[in-house]
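Chains as they are written, first to last, in the working numbering: chain A, 1 to 261; chain B, 262 to 691.
For each residue, glycine too, the CB sits at the ideal point set by N, CA and C.
Note that the coordinates shown come from a computational prediction; the quantities given were computed from them, not determined experimentally.
One structure below.
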C-alpha cells in the first residue's frame with residue numbers, strides 16, 4: 001500500500017529525515033516509536049503533504065501513485081489520513097460543517113455522490129457513538145475550546161467518517177487520560193480491516209496495549225534503526241531509548257523480513 | 262476649489278426658500294460650515310489615510326428621481342425605501358410596526374408636523390464643525406423619521422433602504438432621525454445599495470435613545486463599485502440605555518463611516534462593531550468616537566477587516582472620558598486579515614482620559630491566514646481555494662453571527678461568502 005524509499009526532508013535548512021525506508025501493506029498496523037526529535041512527527045506531516053517541510057530526496061508510493069507529487073487534499077482523496085498531534089482550533093467554522101465539507105470533498109474526488117445534510121447527520125451520529133463523543137461538540141467551532149482528549153476524539157471521529165485506506169496517527173495518545181485513551185483506541189480498532197492500514201506514531205508503549213501493532217519500528221536521527229514485532233515495544237518500555245543510539249544501525253531497517261530482499 | 266466643491270457650491274446656492282424657520286436655520290448653518298471647511302483632505306487628522314481626491318474631481322449634481330435599480334433586492338416589511346434620496350411609497354411596506362410607532366418620510370413629517378421633528382433634527386449633530394454633516398444639513402431632501410413610543414417593542418427589524426441609481430456625479434444626502442422613547446426596543450437596519458455609477462451618498466443618521474431604550478442598529482453598505490459612501494451615525498444615549506451599532510461594508514470604491522456615541526447619563530452602554538471586506542482598490546474607513554460624558558458607562562468596539570488585492574482598510578477609534586466620569590469601562594479591538602501582499606491596513610486607537618478610576622483597553626492584530634489551519638483543512642480533502650475561503654469566513658464569522666435578526670444575518674452570511682474567492686462553495690455546502 002505504502003512504500004517509502006530513502007525519504008529525506010528538511011525544515012528551513014535542517015535535515016530531519018535522513019533517508020528513511022518503510023513499507024506498509026494492506027491490513028497491517030505499524031507502530032513507529034522513538035525519542036523526541038527523532039523525526040516521527042516530521043514523517044507523519046511529510047506524508048500528509050505539509051508545506052512546512054522541503055522534501056529533499058526519496059520516493060513515496062501510495063496505492064501505486066507518486067504520493068509526493070500530490071497536494072494535501074489529493075492525498076486525502078486518495079485515502080490518506082493524518083491524525084494530528086496538535087489538532088488546529090478553527091473558531092467560526094462549525095465542526096459539523098467542516099466534517100461534511102471534508103467528507104463531500106473526498107466523496108466527490110472518488111466519484112461518489114455527495115451526502116445531503118440529513119444523510120450526513122445520521123452518519124455522523126453513528127460515528128460519534130463509536131468514539132463516545134458528545135453530539136453537542138458538532139455545533140461548536142472546529143476544536144474550539146476542546147480539551148486535549150476531546151480534540152483527539154474529534155480526530156478519530158474524522159477518521160471514522162472519512163474511512164481512509166491509510167491512517168497515520170501522530171501521538172494520538174498524548175495528553176489523554178485512561179478513559180479517553182480507551183475510547184480513542186476503540187475507535188481506531190473499529191476501523192481495522194484487511195483493506196486498511198495504519199501507522200501509529202507514539203512515544204510510549206502504553207498506547208500499544210490498546211492498539212496492537214503487527215510491526216514496531218524505532219526511529220532515531222531521521223531513520224528507522226530497528227524493526228520487529230510487538231515484543232520490540234515491550235523491550236523499549238523496559239530499556240528506554242538509550243540503547244538505540246549505542247547500537248549500530250540495523251541493516252534491516254524498514255519493514256522486517258519479506259519486504260527486504 | 263476643486264471641481265466637486267465648485268459644483269456643491271452651486272447646489273448650496275440654489276436651495277429654495279419657504280421651509281420652517283428651524284429647518285432653514287439648520288440648513289444655513291450647514292451650508293456655512295461646508296463653505297468654510299470644504300472637502301476634507303489628508304491633512305485633516307481624521308482623514309489622514311483616506312483621500313477624497315477621486316471624489317473631488319467629480320462634477321456633483323442633484324440626483325434625479327429614478328426607479329428601483331435592477332440589482333436591488335428589498336428586505337421584508339417593515340421597510341421604508343428611498344431611491345436617490347427620495348421616498349418611494351410604492352416600494353415601501355410598513356406592515357408589522359409596533360403599536361404607536363411611526364416610520365415615515367422625514368420630508369413629509371417636516372411638511373405636515375414640523376413641531377414633532379423640531380426638537381430632534383440636528384440636536385446632537387456637529388453641523389457647525391463637520392463638512393459632511395454640514396453638507397447633509399444643507400442639502401438633504403428626505404430620509405426616515407422613526408419614533409418609537411414609550412415601552413414599544415418592535416418584533417421585526419425596521420428597514421431603512423436607500424437605493425442609488427444615478428449617472429456619474431449624482432449626489433444624495435439621505436437623513437434619518439430615530440427617536441426612541443423610554444424603554445422602547447427596536448432593531449433598525451439601514452441598507453445601502455446602488456448601481457455602478459460614480460455617485461455620492463452622504464448619509465446622516467441621528468439616534469436619540471431615552472432612558473432604558475434599547476436600539477440595535479445595522480448598516481449594510483453594498484453600494485455600487487463606483488460609489489463614494491460617506492456616513493455619519495450620531496447617537497445620544499440616556500440613562501441605562503443600550504445601543505448596539507453594526508456596520509458591514511462591502512461596496513463602494515470608497516466608504517467612510519463615522520460613528521459617534523455620547524454616553525450622556527449613567528449606566529448607558531454602547532457597542533460599536535464593524536466588518537469590512539475591501540478588494541480591488543476599495544477603501545473602507547471606519548472612524549469611531551465614544552464620548553463617556555457620564556460616570557458608570559460602558560463601551561465596546563470590535564472591528565475586523567478582510568483585505569485582498571490592493572484593498573485598504575482604515576480604523577480609527579477614539580475613546581474620550583470626560584473629567585469626573587469615573588467607573589468607565591471601555592474596550593476597543595480592531596483586527597485585519599491581509600489576503601494579499603498589496604493590501605493595506607491602518608489602525609489608530611486614541612484614548613483621551615480625564616478621569617482616574619477607569620478601565621480602558623485597546624488592542625488589535627494584523628495577520629494572514631494561519632498556515633497550520635490551512636494544512637489541517639487540506640489534509641481533510643478540502644481544496645486550497647475553499648480552505649482559504651473557509652478560514653477567511655471564519656475570521657469574519659464572529660461579527661456576522663452578531664447580526665441579530667435571522668433574516669438579516671442570513672443576508673449578511675451570503676453577502677460575505679459571495680465576496681470571497683472560493684466562497685461560492687461555502688454557500689453551496691451551507
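Given 8 Å, three or more beta-carbon pairs between the region 407-421 of chain B and the region 311-323 of chain B: no
Chain B residues whose Cβ lies nearer than 7 Å to that of residue 88/A: 633, 634, 637
Below-8 Å beta-carbon distance, residue 123/A vs any chain B residue: no
Chain B within 8 Å of residue 93/A, Cβ atoms only: yes
Contact set for residue 207/A: own chain, Cβ-Cβ below 6 Å, skip 5 residues either direction: 173
Burial state of residue 728/B, where buried means 16 or more other Cβ atoms lie within 10 Å: Outside the shown range of chain B (262 to 691) lies residue 728/B, about which nothing can therefore be said.
Assumed close pair residue 58/A, residue 19/A - CB separation to whole angstroms, cut-off 8 Å: 7 Å
Cβ neighbours of residue 268/B in the same chain (closer than 6 Å, five flanking residues each side left out): 320, 321
8 Å CB neighbourhood of residue 594/B in its chain, flanking five on each side removed: 562, 563, 564, 623, 624, 625
Chain B contacts made by the region 33-59 of chain A, where a contact means CB separation under 9 Å: 45, 48, 49, 50, 51, 52
Contact set between the region 184-198 of chain A and chain B, restricted to residues whose Cβ is under 9 Å from the partner: none
Within 8 Å, strictly: CB atoms of residue 217/A and residue 22/A: yes
Limits of the beta strand (DSSP E) - the one that residue 652/B falls within: No beta strand (DSSP E) contains residue 652/B, which is instead part of the alpha helix (DSSP H) from 645-661.
Three CB pairs or more closer than 8 Å across the region 462-480 of chain B and the region 430-440 of chain B: yes
Any chain A beta carbon closer than 8 Å to residue 240/B: Summary: the structure shown does not reach residue 240/B, with chain B confined to residues 262 through 691, and so no result is reported for it.
Cβ of residue 135/A within 8 Å of any chain B Cβ: no
Buried/exposed call for residue 129/A, threshold 16 Cβ in 10 Å: exposed
Selected residue, minimal CA-CA separation from residue 165/A, among 72/A, 70/A, 78/A, 119/A: 78/A
is_contact[residue 534/B, chain A] using C-beta, thresh 8 Å: no
Per-residue DSSP class, three states only, for residue 54/A: strand
Where the beta strand (DSSP E) through residue 72/A begins and ends: Unbroken run through residue 72/A is the alpha helix (DSSP H), 72-78; no beta strand (DSSP E).
Beta-carbon proximity of residue 98/A to residue 162/A, cut-off 8 Å: no
Candidates 179/A, 1/A, 6/A, 201/A, of which the one nearest residue 133/A by Cα: 179/A
Spatial distance of residue 327/B from residue 346/B (CA atoms): 10 Å
Spatially closest choice to residue 85/A from 141/A, 154/A, 171/A, by CA coordinates: 171/A
Proximal residues, the region 69-83 of chain A versus chain B, C-beta separation under 9 Å: 71, 72, 73, 74, 75, 76, 77, 80, 81, 82
Bridge-paired residues (DSSP) for residue 479/B: 450/B, 507/B
Cβ contact check for the region 24-41 of chain A and the region 214-231 of chain A: 3 or more pairs under 8 Å: yes
Meets three-Cβ-pair contact criterion under 8 Å: the region 607-614 of chain B and the region 99-119 of chain A: no
For residue 466/B, the residue or residues it bridges with in DSSP: 437/B, 494/B
Short CB-CB distance (under 8 Å) between residue 625/B and chain A: no
Residue 61/A at chain B interface by Cβ criterion, 8 Å: no
Within-8 Å CB hit, residue 659/B to chain C: In the displayed structure, chain C is absent; the protein chains listed are A and B.
DSSP three-state assignment for residue 323/B, whether helix, strand or coil: strand
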